[in-house]
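Dropping the structure here:
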């Protein structure tokens, strides 16, 4: 029986506004790891609101071109979260290795479907490979930023596939540097790759993602999710965003610069990141709880993790946000 509880994530701005008695519009929200300067959404044609979505609208072909995948091995879903919750229902109870810390919804979903979770260190996920039926990786890992070499990933996939196992790779944060993506390899047995337009494209509210993998399993997943899983307006915007190569190139350059800038700023305040990506930096610190509170009292929201004690910082949206973060870190350091 699925668990009735919900997990807490970054981006709970209204909750923070109530707790700290500061209106939402006055916050600097660094808690999500979402690109604060996402793809600019144009006006949506009226027919998108009047007609049901159709699979033959070209989204799959455009997405396949962007991801470098075979269109026959790709399914659009209502955000990768939909696949995270549904994929565990397509296997009988088994042993699933998941990195800890990592995006907690994965373990939550597999456990809720009766699977046994084996926690793994993000740095050495293959150590338990012979004891697993499914290896699930977040690549880059959230929040540690750990990445893996493609040849290692493909070796692990092949070893799992020999006994009917799966390698599931959540690539939600890989778009800023997709060279290690396994999307082009998703015709291999037992390999499933999840992608989302939420982070790199800054379109989290659109709720669009894709699953790439074996066609028979995708057909089962499609049947489980039901018709019209992705809305017509969402499919329209996703087609345009995935096809905008000029914006994608420029955005990768900007995010690389901003990610490095954030790492430098934190290091200058004795908060050198233990890991991160172009979209966030992860700081392990025994005083993370106090730092989270001190920043929140200044209207800056970060993402706190308890194990290990750490904070994840997303990117400020503009120069005013960068100055505000720097000033707050100066104030906190002065009072330490």
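In full-length UniProt numbering, the protein residues as written are 1 to 336.
Ideal Cβ placement from N, Cα and C applies to all residues, glycine included.
Cβ-Cβ distance between residue 39 and residue 233 below 9 angstroms: no
Delimiting residues of the beta strand (DSSP E) encompassing residue 99: 95–99
Identified DSSP bridge partners for residue 276: Paired residues: 281.
Residue of 184, 247, 91, 147 minimising C-alpha distance to residue 164: 91
Cα-Cα separation between residue 215 and residue 252, rounded to whole angstroms: 31 angstroms
Length of the line joining the Cα atoms of residue 266 and residue 33: 16 angstroms
Endpoints, beta strand (DSSP E) assigned at residue 76: 74–77
Secondary structure of residue 196, DSSP reduced to three states: strand
Limits of the unbroken beta strand (DSSP E) element including residue 116: 116–120
DSSP state of residue 39 mapped onto helix, strand, coil: coil
Buried or exposed by the 16-neighbour rule on C-beta atoms within 10 Å, applied to residue 86: buried
Given residue 206 as reference, the closest of 67, 197, 212 once Cα atoms are compared: 197
Residue 14 versus residue 256 - alpha carbon distance: 30 angstroms
9 angstroms Cβ cutoff met for residue 313 and residue 327: no
Separation of residue 225 from residue 67, as counted between CA atoms: 22 angstroms
Distance, residue 248 Cα to residue 20 Cα: 37 angstroms
Host beta strand (DSSP E) of residue 266 (start-end): No beta strand (DSSP E) holds residue 266; the alpha helix (DSSP H) holding it covers 245–268.
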